[in-house]
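These notes are about the structure you will find just below.
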Amino acid sequence: MFWQLARSRLDLRTPRVMGIVNCTPDSFSGGSGSPSDAVALCEAHVAAGADLLDLGAESTRPGAPPVDEADQWRRLEPVLRAALGLGCPVSVDTSEPGVMQRALELGADAVNDVRALRRPGALAVLARHGAAGVCLMHMRGEPATMQQQARYGDVVADVRDFLAARMAEAVAAGIAPERIVLDPGIGFAKAADHSLALLARQAELAALGRPLLVGWSRKSALGAVTGRAVHERLAASVAAAVLAVDRGAAILRVHDVAATVDALRVWRAATSPRPGGPQDAGGAAPGETIPV
Ligand code: HH2
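Dropping the structure here:
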């Protein structure tokens with residue numbers, strides 16, 4: 019299993035860590051301040067072992083105001099330019115086709131869209147950029163009002179059907195399946211129990227046949243379970259991350275890279291065949307990024 023990105027193929031036989039860089043003043047767990055602060059965070063994430071960076075310029079927390087294309091790009095461009103030189107793939111977290119276009123022209127490896135390419139023109143931008151990756155995420159409505167739409171008969175079936183339909187539409191538009199990863203959208207138009215059901219039954223989403231990217235980091239569902247405020251959710255975030263990879267998630271979108279990388283080392287040590295051990299079948303070592 020791999021994810022085709024603009025400059026590489028990301029080997030997903032081992033789970034990967036995506037470091038969050040919010041170039042925003044108002045993200046739910048705090049923004050990065052100035053562009054130089056955001057670049058410093060990119061560097062810190064890479065030093066801590068991030069496999070990918072995800073740059074966003076518009077908060078999607080419940081109630082967040084929209085940020086237009088020009089303002090998103092003003093926030094993103096200097097950070098993206100620097101991040102692209104750090105030696106790891108960079109995705110841009112946006113739903114705005116104009117921002118996708120500019121980011122891909124500058125060399126971004128992937129687009130991460132919480133609206134799953136539903137804005138007019140978004141599918142066409144990705145179809146034009148032959149190799150760039152895309153993450154399609156489940157959400158209902160818009161961040162400002164999405165929590166009013168957190169009503170489901172069977173949330174897992176709804177999310178699965180939505181992701182299957184968005185993937186089919188993307189493929190029909192000319193986006194190859196190996197460019198796509200899928201995300202259930204933890205906390206997006208979901209009450210805590212909905213998000214927890216998506217973790218409990220994550221295998222039903224993995225059955226869609228594309229890698230799963232999940233973002234549990236500091237989310238409110240973890241606050242509901244632990245009673246802790248946003249910046250006290252590290253242990254809960256790491257626990258959810260490990261459970262998610264144990265149930266087949268391929269990419270973890272996180273704020274706390276170093277802690278997640280350590281937790282994954284323990285998970286891997288406990289679950290992987292050892293070289294020369296009884297289950298070692300030989301072959302290539304997982305975890306390599308293969309240049310295009
Ligand atoms: N969560 C957030 C933003 N983008 N993208 C994907 N694919 N999956 C997620 O779960 C996800 C996402 C919200 O987290 P954060 O970026 O930290 O906050 P904000 O949107 O307030 O900037």
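Counting from 1 along the sequence shown, just add 18 to a position and that's the residue number in my numbering. Cβ coordinates follow ideal geometry from the N, Cα and C atoms, glycine included. These numbers come from a predicted model, not from an experiment.
Within 10 angstroms of the Cβ of P202, are there 16 or more other Cβ atoms? Answer buried if so, exposed if not.
-> For the purposes of this step, residue 202 is identified with residue 184 of the sequence shown, where counting begins at 1. Buried, because 16 or more other Cβ atoms sit within 10 Å of the Cβ of P202.
Report yes if the C-beta distance between R228 and V199 is below 8 Å; otherwise report no.
-> Translated into the one-based positions of the sequence shown, residue 228 becomes position 210. Translated into the one-based positions of the sequence shown, residue 199 becomes position 181. Contact flag set, yes.
Helix, strand or coil for G301, going by three-state DSSP, please let me know.
-> Here residue 301 refers to the residue found at position 283 of the sequence shown. The pLDDT assigned to G301 is 44, lower than 50, so where the model puts this residue is not dependable; a value taken from the coordinates is nonetheless given after this. Coil at G301, not helix or strand.
Could you tell me the boundaries of the beta strand (DSSP E) in which S50 lies?
-> One-based indexing of the sequence shown puts residue 50 at position 32. From DSSP, S50 is part of no beta strand (DSSP E); its letter is neither H nor E.
Cutoff 6 Å; reference A225; Cβ partners in own chain excluding five residues on either side = Residue 225 sits at position 207 when you count from the first residue of the sequence shown. Hits under 6 Å: none found.
Can you tell which of K208, E114, A190 has its C-alpha closest to the C-alpha of Q90?
-> Position 72 of the sequence shown holds residue 90. Nearest of K208, E114, A190 to Q90, Cα basis: E114.
For the putative contact between A207 and R158, defined by C-beta atoms under 8 Å, what is the C-beta separation to the nearest angstrom?
-> Here residue 207 corresponds to residue number 189 of the sequence shown, with the count starting at 1. Here residue 158 corresponds to residue number 140 of the sequence shown, with the count starting at 1. With a Cβ gap of about 4 Å, A207 and R158 count as contacting.
Does the beta-carbon of T112 have 16 or more other beta-carbons within 10 angstroms, so that it is buried, or is it exposed?
-> Mapped onto the sequence shown, residue 112 falls at position 94. Here T112 is buried, its C-beta having at least 16 other C-beta atoms within 10 Å.
Go ahead and pull the three-state DSSP assignment for M118.
-> Within the sequence shown, the letter at position 100 stands for residue 118. Of the three classes helix, strand and coil, the one that applies to M118 here is helix, per DSSP.
Tell me whether M185 sits in a helix, a strand or coil according to DSSP, three-state version.
-> Working through the sequence shown from its first residue, we reach residue 185 at position 167. In the structure shown, the three-state DSSP call for M185 is helix.
Identify the residues that DSSP records as bridge partners of I198: which are they?
-> Position 180 of the sequence shown, counting from 1, holds the residue named residue 198. Paired residue(s): V152.
Rounded separation between D131 and V232 - CA only = Locating residue 131 in the sequence shown gives position 113, where the first residue counts as 1. Locating residue 232 in the sequence shown gives position 214, where the first residue counts as 1. Straight across, the Cα-Cα distance linking D131 with V232 is about 13 Å.
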